[in-house]
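Below you'll find the structure, written out as structure tokens, and then a few comments.
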Amino acid sequence: MNSKHFAIRTYGCQMNVHDSEKVSTLLEDSGLIAAASESEADVLVINTCSIRDKAEHQLYSDLGRLREWKAEKPGRIVGVGGCVAQQVGDKLLSRFSHLDFVFGTHNLRRVPAMLAGALEGNRAAWVAEDKSQARFDLPMRRPQVPTGIRRKAFVTVMEGCDMFCSFCIVPSTRGREISRRASEIEAEVHALVDSGILEITLLGQTVNAYGRHDVRRGNAVAAGTMPFAELLTRLNDIPGLERIRYTSPHPLFFDDDLIRAHQELGGLCPHVHLPVQSGSDRILEAMRRRYTRDHYLGIVEGLRQARPDLALTSDLIVGFPGETDADFEQTLDLVRDAGLIDSFSFKYSPRPGTAAAEMGEEIPAELAQERLMRLQDLQREQTLAYHQSRVGQEALVLIDGASRHGGGQISGRDPHHRVVNLDAGADLGLEPGTIVAARILEATPHSLLGTPLLPAG
Ligand code: SAH
Ligand code: SF4
Ligand code: F3S
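Residues in the sequence shown are numbered from 98 upward in steps of one, following the numbering used here.
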């Protein structure tokens, strides 16, 4: 497969972004070269998301357009992976005759072999579930440090989801919950830090459920896992690791030890993304979220005591079947009561095979849209107010690169995960991957503007 160039198009969450990194490493290890753009690629892999109807349809419209891409250069190959691949499986091959291979979310390792087969004209789909630890056993991405790269990395700690929220397709696209051995997680983080990584984000569909099945069965030692807060404590001890983040935690597993970790662990960032979905107990129950509004607010209170400067963000759904005006008002109230500084909000989208898709009681599309707009207006106000409260403060910014606004600004993230654009950053030659102290000068609805504080002399 020498000298073939590949590109990967990624949709969906951070787990998908990280899976694409893993596929990329596997392809490089088998002799392929990352293409500068899709037009220069011989092989295109699409890593798909199925969380809402629109995400799934994106694949079908992409595949339609790729007929032309394939026709432009004979021998081109198209592969599809990710959550739609897992959900639809080999039916994708019969539906799209120009599609060469399909791999499920547990089968990343098979991609080089499937590609080799495809180059010989063999079309295949591989979507079997793998319940073993073997699926964590992938070559680590070689971060090209020290220059020209953001010194951040994702680290998988668990995969799958056993929660079966009534609206969600993830349990069927990612399979059952499985936690990776702590020793392997530690070894990976050590290796990343040795290669210059400063910040890690621990990944899992319900990341703080890490180890829970083993702990409950009393065999965590044999399984090599432990409660999530303990894992954080171990990682916090790794010298040279500046920042630890994790996503996404579930409120049901947000225990006191995890709250305490936010007080005690210096490396743990003062930002928690804790999806709540709704502020109405009735809707939370119908969603099968297994917590109440008060329970959620109790966690938030605990976190604020542990870490008064905590930045809390969340995910919200509007227009869930049967959602009344009163339910929706409770969601707005919760956004205020919890003091969300930002959120992702979505209109409910029925997904095949989920319990909510069978509930009836659909909310008219215009009403759901109106609720979404009201929710987003409220959030915009709160985000801006939070940003304004930061003006005058100092922040440590880990530089990502040039700002989207151009004009010589560079951009990075503070420990609260806010985007901070720095004036004069480019003139000062601040490289991606450096941490710089800055004074916050201005607030906008989307970001903070700061100026670097350079050491005297
Ligand atoms: N595991 C995380 C969520 C992962 S999915 C958790 O439990 O919180 C990311 C977000 O997509 C969810 O938080 C939810 O807000 C949204 N989402 C999931 N299914 C959806 C659906 N059917 N319609 C609309 N939004 C959905
Ligand atoms: Fe989906 Fe619920 Fe699992 Fe999150 S916890 S991935 S929303 S089923
Ligand atoms: Fe999408 Fe799958 Fe992630 S459905 S949100 S890519 S787990």
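Where is the CB? At the ideal position from N, CA and C, for every residue including glycine.
- Counting every other CB atom within 10 Å of its CB across the protein chains shown gives residue 433 a total below 16, marking it as exposed.
- Shortest Cα-Cα distance from residue 180 to any of 536, 497, 201 and 543 involves 201.
- Within the chosen limit of 6 Å, the ligand SAH does not reach the beta carbon of residue 180 with any heavy atom.
- Membership of residue 215 in the alpha helix (DSSP H) is indicated by the continuous run 208-216.
- Nearest to residue 431 by alpha-carbon distance, out of 451, 396 and 177, is 396.
- In the three-state DSSP reduction, residue 316 falls in the coil class, being neither helix nor strand.
- Residue 546 places its beta carbon less than 7 Å from that of residue 518.
- Of 329, 248 and 320, the smallest CA-CA separation from residue 293 is found for 248.
- Residue 303 has its Cβ nearer than 6 Å to a heavy atom of the ligand SF4.
- Not one heavy atom of the ligand SAH is found less than 6 Å from the C-beta of residue 418.
- Here residue 346 is near residue 304, since their CB atoms are less than 7 Å apart.
- Following the DSSP letters along the chain, one finds residue 330 inside the alpha helix (DSSP H) bounded by residues 325-333.
- Contiguous alpha helix (DSSP H) elements confined to the segment 166-209 occur at 180-185 and 188-192, taking only those with 4 or more residues.
- Residue 306 has its alpha-carbon roughly 43 Å from the corresponding atom of residue 521.
- In terms of side-chain proximity, the C-beta atom of residue 191 is found no nearer than 6 Å to any non-hydrogen atom of the ligand SAH.
- In this structure, the CA atom of residue 106 is about 12 Å from the CA atom of residue 155.
- Excluding its 5 nearest sequence neighbours in each direction, residue 465 has C-beta neighbours in its own chain below 8 Å: 415, 416, 444 and 445, listed in chain order.
- Counted as a single uninterrupted DSSP element, the stretch harbouring residue 127 is not any beta strand (DSSP E), since DSSP gives it neither H nor E.
- Closest in alpha carbon position to residue 236, among 500, 213, 228 and 123, is 123.
- Looking at the DSSP output, residue 443 sits in a beta bridge with 414.
- With respect to residue 104, residue 138 sits close: the two C-beta atoms are nearer than 7 Å.
- In the structure shown, residue 531 adopts coil according to DSSP, grouped into three states.
- In the same chain as residue 299, and ignoring 5 residues on each side of it, the C-beta atoms closer than 6 Å to its own belong to 252, 254 and 343, in chain order.
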